[in-house]
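> Before anything else, here's the structure in question.
2 protein chains.
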Amino acid sequence: MGKVRVANFTVSIDGFSSGLNQRMDEPFGDNTEGLHAWYESAMVERDSGRGGPEADQLQRFHEQAGATIMGRNMFGPHRGPWADESWTGWWGDNPPYHHDTFILTHHERPSVTMEGGTTFHFTSAPIDVVLDRAKESAGDQDVIIGGGASTVRQYLLAGLIDELDLGVSPILIREGERLLTDDVAAALREFQVVKSYPIGNATFYNLSR
Amino acid sequence: MGKVRVANFTVSIDGFSSGLNQRMDEPFGDNTEGLHAWYESAMVERDSGRGGPEADQLQRFHEQAGATIMGRNMFGPHRGPWADESWTGWWGDNPPYHHDTFILTHHERPSVTMEGGTTFHFTSAPIDVVLDRAKESAGDQDVIIGGGASTVRQYLLAGLIDELDLGVSPILIREGERLLTDDVAAALREFQVVKSYPIGNATFYNLSR
Ligand SMILES: NC(=O)c1ccc[n+]([C@@H]2O[C@H](COP(=O)([O-])OP(=O)(O)OC[C@H]3O[C@@H](n4cnc5c(N)ncnc54)[C@H](OP(=O)(O)O)[C@@H]3O)[C@@H](O)[C@H]2O)c1
Ligand SMILES: NC(=O)c1ccc[n+]([C@@H]2O[C@H](COP(=O)([O-])OP(=O)(O)OC[C@H]3O[C@@H](n4cnc5c(N)ncnc54)[C@H](OP(=O)(O)O)[C@@H]3O)[C@@H](O)[C@H]2O)c1
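Chains as they are written, first to last, in the numbering used here: chain A, -1 to 207; chain B, -1 to 207.
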């Protein structure tokens, strides 16, 4: 059986994973420039062929994932009922998931199959039911809880996550969605810090039960 | 004129600088083992004579400080009126400050001069008044806002801090005092991340106006 993992999730020094005013030209909102700068460094380092934590991180992210769950705000900037159903995410015609991808939302719409094997399913089912569907689809691969903070917090509070790769990037977001709120931090009771390692300008922490 | 600085302040991955149940044998409270492990590495590295960020960090901490302000909970585990006045801090007869050190407290007591030049002053004056006294005493050296979180938060919210050296250590404290609460993070509006650097197993961030 695969694991249920949060992978490549990145927060600022002050603990936010997105800023205020998410919009079409700022998917992460205000003050988030550089939040994922580490990803470019990781790709450069991987492509150098030298191996190292960067290559491991990216390989693990891309190869061991069999299904993804995300919140509707990670999928797009829309709120309330869909005006139309043309939006299929930020990622173009061939999204980087290549597997069943479940969008938590109060506003269901029909599933959409994209190029490259990604199918977006829109569901208002309880989070544990969505996880069961994702596990079934993933088989012996991992289910990735992709984000945003609201979605990851719900799964952490429900005790449904096995492992987190959490990056801290050297920026201040100042206001936005916080991952490790007091209730979530307290719910990490069973997690240990397995290792920490730099990737680009970020520091990553691997937290596991 | 010196700066007003927070130096060597360390938080956990989840953002806490102390845990619950501070007591005589756990000055930082529950789940804080390893919070300052970086300090040992820094001393070893400095004593190696190779220089580097560790040596700079310690030198700056010890040599540019002309006065310190701390909260009563950093000074000791006592709460409420003093039962007696025998407690003179965790640091033995010769505390590592060697200058005027102001303890914010609602329970004043006479100043105590220790070996090595540290004098503890107990004051219930407003924080800006205490800062003025500390600046006068520090002359052209820096005033260090030593901690804990409650004290640093008050000075940050009042806009009275010029610079912070903030370390993140690879531990989870889970419950305790948080430095960058939502109001404090929002108040960092004028701060930029000047640099980040590893010291031992911690990552440090230098934040300046
Ligand atoms: N820093 C990172 O690594 C990272 C990773 C991923 C995403 N992000 C960013 O984070 C932001 C989004 O995060 P977020 O915390 O605001 O939100 P989110 O978790 O992406 O989405 C929250 C929304 O999803 C729907 N939803 C969530 N749980 C639900 C449930 N149990 N049942 C039904 N609907 C549910 C609701 O939308 P409706 O009520 O409208 O349906 C809710 O408002 C974006 O800016 C994104 O770019 C950052
Ligand atoms: N992680 C780090 O780098 C670091 C650094 C320093 C300290 N610490 C730890 O942090 C913990 C203490 O932090 P903390 O946030 O609990 O408290 P703190 O800031 O050290 O002290 C708070 C106490 O100081 C007094 N006080 C604070 N502001 C005052 C004001 N404006 N006027 C009058 N009195 C005032 C009050 O005590 P009374 O009402 O009792 O007088 C208050 O309860 C300790 O465990 C310490 O070891 C950690």
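Here a beta-carbon is modelled for each residue, glycine too, at the ideal position from N, C-alpha and C.
Take residue 50 (chain B) and list the residues in its own chain whose beta-carbon comes closer than 7 Å to its own, dropping the five residues that flank it on each side.
Here residue 50 (chain B) refers to the residue found at position 52 of the second sequence. Around residue 50 (chain B): 43.
> Give me the DSSP bridge partner(s) of residue 149 (chain B).
Within the second sequence, the letter at position 151 stands for residue 149 (chain B). None; residue 149 (chain B) has no bridge partner.
> From the beta carbon of residue 158 (chain B), is the nearest beta carbon of chain A less than 9 Å away?
Indexing the second sequence from 1 puts residue 158 (chain B) at position 160. No, its Cβ sits nowhere closer than 9 Å to a Cβ of chain A.
> Mind checking the segment 56 to 78 of chain B against chain A and listing, in chain order, the residues whose C-beta falls within less than 9 Å of any C-beta there?
none
> Would you kindly check if the distance between the Cβ of residue 178 (chain B) and the Cβ of residue 140 (chain A) is under 9 Å?
The residue labelled residue 140 (chain A) in the question sits at position 142 within the first sequence. The residue labelled residue 178 (chain B) in the question sits at position 180 within the second sequence. Cβ atoms of residue 140 (chain A) and residue 178 (chain B): not closer than 9 Å.
> Of the residues B:206, B:15 and B:56, which one's Cα is nearest the Cα of residue 198 (chain B)?
By one-based count along the second sequence, residue 198 (chain B) stands at place 200. It is B:56 whose Cα lies nearest to the Cα of residue 198 (chain B).
> Mind reading off the beta-carbon distance from residue 118 (chain A) to residue 99 (chain A)? Whole number of angstroms is fine, and I expect it under 8 Å.
Here residue 118 (chain A) is taken as the residue at index 120 of the first sequence, counted from 1. Here residue 99 (chain A) is taken as the residue at index 101 of the first sequence, counted from 1. About 5 Å; that satisfies the 8 Å criterion.
> Would you list, in chain order, the members of the segment 157 to 176 of chain B that have their beta-carbon closer than 8 Å to a beta-carbon of chain A?
164, 166, 168, 169, 170, 171, 172, 173 and 176
> Less than 9 Å between the C-beta atoms of residue 102 (chain A) and residue 161 (chain A), yes or no?
Counted from its first residue, the first sequence places residue 102 (chain A) at position 104. Counted from its first residue, the first sequence places residue 161 (chain A) at position 163. Against a cut-off of 9 Å, the Cβ pair of residue 161 (chain A) and residue 102 (chain A) comes out as no contact.
> For the alpha helix (DSSP H) holding residue 54 (chain A), just list the boundary residues, first then last.
What you label residue 54 (chain A) is simply residue 56 of the first sequence in a count that begins at 1. Start and end: 50 to 61.
> Mind pulling the chain A residues with CB within less than 9 Å of residue 196 (chain B)?
Counting from 1 along the second sequence, the entry for residue 196 (chain B) is found at position 198. Result: 196 and 201.
> Taking the CB atoms as reference points, tell me whether residue 2 (chain A) and residue 153 (chain A) lie closer together than 9 Å.
Position 4 of the first sequence, counted from the start, is the residue given in the question as residue 2 (chain A). Position 155 of the first sequence, counted from the start, is the residue given in the question as residue 153 (chain A). Yes.
> Thinking C-beta only, is residue 115 (chain B) closer than 9 Å to residue 96 (chain B)?
Along the second sequence, read from residue 1 onward, the residue named residue 96 (chain B) stands at position 98. Along the second sequence, read from residue 1 onward, the residue named residue 115 (chain B) stands at position 117. Yes, they are a contact pair.
> Just grab the DSSP bridge partners of residue 190 (chain A) for me.
Within the first sequence, numbered from 1, the residue matching residue 190 (chain A) stands at position 192. Answer is A:206, bridged to residue 190 (chain A).
> Taking only beta-carbon positions, decide if residue 191 (chain A) is within less than 9 Å of chain B.
Here residue 191 (chain A) corresponds to residue number 193 of the first sequence, with the count starting at 1. Judged by the 9 Å Cβ criterion, residue 191 (chain A) is in contact with chain B.
> Ligand 2 and residue 25 (chain B): does any heavy atom of the ligand fall closer than 8 Å to the residue's C-beta?
Here residue 25 (chain B) is taken as the residue at index 27 of the second sequence, counted from 1. Checking every heavy atom of ligand 2 against the Cβ of residue 25 (chain B), one is found closer than 8 Å.
> Which term fits residue 190 (chain B), buried or exposed, when burial requires 16 or more other beta carbons within 10 angstroms of its beta carbon?
Here residue 190 (chain B) refers to the residue found at position 192 of the second sequence. Label assigned to residue 190 (chain B): exposed.
> With a cut-off of 9 Å, does the C-beta of residue 33 (chain A) fall near any C-beta of chain B?
For the purposes of this step, residue 33 (chain A) is taken as the residue at position 35 of the first sequence. Taking Cβ atoms only, chain B never reaches closer than 9 Å to residue 33 (chain A), which makes this a no.
> Kindly indicate the opening and closing residues of the alpha helix (DSSP H) around residue 135 (chain B).
Here residue 135 (chain B) corresponds to residue number 137 of the second sequence, with the count starting at 1. Its alpha helix (DSSP H) spans residues 125 to 136.
> So, is residue 122 (chain B) buried or exposed, given that buried needs 16 or more other C-beta atoms within 10 angstroms?
Here the question's residue 122 (chain B) lines up with position 124 in the second sequence. Burial check for residue 122 (chain B): the Cβ neighbour count within 10 Å stays below 16, so the residue is exposed.
> Candidates B:182, B:207, B:195 and B:171: which alpha carbon is nearest residue 19 (chain B)'s?
One-based indexing of the second sequence puts residue 19 (chain B) at position 21. Checked all of B:182, B:207, B:195 and B:171; the closest Cα to residue 19 (chain B) is B:171.
> Quick one: Cα of residue 163 (chain A) to Cα of residue 7 (chain A), how far?
Position 165 of the first sequence, counted from the first residue, corresponds to residue 163 (chain A). Position 9 of the first sequence, counted from the first residue, corresponds to residue 7 (chain A). Distance between residue 163 (chain A) and residue 7 (chain A), taken at the CA atoms: about 6 Å.
> In terms of DSSP beta bridges, what is residue 68 (chain A) paired with?
The residue you call residue 68 (chain A) lines up with position 70 of the first sequence. In the DSSP output, where bridge partners are listed per residue, residue 68 (chain A) has A:101 and A:145.
> For residue 15 (chain B) and residue 66 (chain A), what's the separation of their Cα atoms in angstroms?
What you label residue 15 (chain B) is simply residue 17 of the second sequence in a count that begins at 1. What you label residue 66 (chain A) is simply residue 68 of the first sequence in a count that begins at 1. Taking the straight line from one Cα to the other gives about 34 Å.
> Can you determine whether any heavy atom of ligand 1 sits closer than 8 Å to the C-beta of residue 103 (chain A), and answer yes or no?
Here residue 103 (chain A) corresponds to residue number 105 of the first sequence, with the count starting at 1. Answer for residue 103 (chain A): yes, Cβ within range of ligand 1.
> Taking residue 186 (chain A) as the query, report the chain B residues whose CB atoms sit under 8 Å from its CB, ordered along the chain.
For the purposes of this step, residue 186 (chain A) is identified with residue 188 of the first sequence, where counting begins at 1. Residues of chain B with a Cβ closer than 8 Å to the Cβ of residue 186 (chain A) are, in chain order, 12, 170 and 172.
> In the DSSP output, what is residue 4 (chain A) paired with across the bridge?
Here residue 4 (chain A) refers to the residue found at position 6 of the first sequence. In the DSSP output, where bridge partners are listed per residue, residue 4 (chain A) has A:162.
> What do you reckon, is the C-beta of residue 132 (chain A) under 8 Å from a heavy atom of ligand 1?
One-based indexing of the first sequence puts residue 132 (chain A) at position 134. The answer is no for residue 132 (chain A).
> Do residue 112 (chain B) and ligand 4 come close, with the Cβ less than 8 Å from some heavy atom?
Of the ligands one can find in the structure shown, namely ligand 1 and ligand 2, none is ligand 4.
> Can you give me the C-alpha to C-alpha distance between residue 145 (chain B) and residue 151 (chain B), rounded to a whole angstrom?
On the second sequence, residue 145 (chain B) is found 147 positions in, with the first residue counted as 1. On the second sequence, residue 151 (chain B) is found 153 positions in, with the first residue counted as 1. Each residue's Cα considered, the two are about 9 Å apart.
> Does any C-beta atom of chain A lie closer than 9 Å to the C-beta of residue 180 (chain B)?
Reading the second sequence from its first residue, position 182 is the one you call residue 180 (chain B). With 9 Å as the cut-off, residue 180 (chain B) counts as an interface residue toward chain A.
> So, for residue 133 (chain B): in the same chain, excluding its five sequence neighbours on each side, which residues have a beta-carbon less than 7 Å away from its beta-carbon?
Your numbering for residue 133 (chain B) matches position 135 in the second sequence. Closer than 7 Å at Cβ, skipping near neighbours: 141.
> Determine the extent of the beta strand (DSSP E) in which residue 16 (chain A) is found, giving its start and end residues.
Against the first sequence, residue 16 (chain A) aligns to sequence position 18. 14 to 17 is the span of the beta strand (DSSP E), which, as asked, contains residue 16 (chain A).
> Anything in chain A within Cβ reach of residue 183 (chain B), meaning under 8 Å, just list it in chain order.
Position 185 of the second sequence, counting from 1, holds the residue named residue 183 (chain B). What residue 183 (chain B) touches in chain A: 12, 13, 14, 170, 171, 172 and 173.
> If contacts are defined as beta-carbon pairs under 8 Å, then residue 200 (chain B) and residue 167 (chain B) qualify, I think. What distance do you get, rounded to the angstrom?
Along the second sequence, read from residue 1 onward, the residue named residue 200 (chain B) stands at position 202. Along the second sequence, read from residue 1 onward, the residue named residue 167 (chain B) stands at position 169. Between residue 167 (chain B) and residue 200 (chain B) the Cβ distance is about 5 Å, and since that is below 8 Å, they are a contact.
> With DSSP as the reference, label residue 37 (chain B) as helix, strand or coil.
For this step, residue 37 (chain B) is matched to residue 39 along the second sequence. Looking at residue 37 (chain B) - three-state DSSP - the assignment turns out to be helix.
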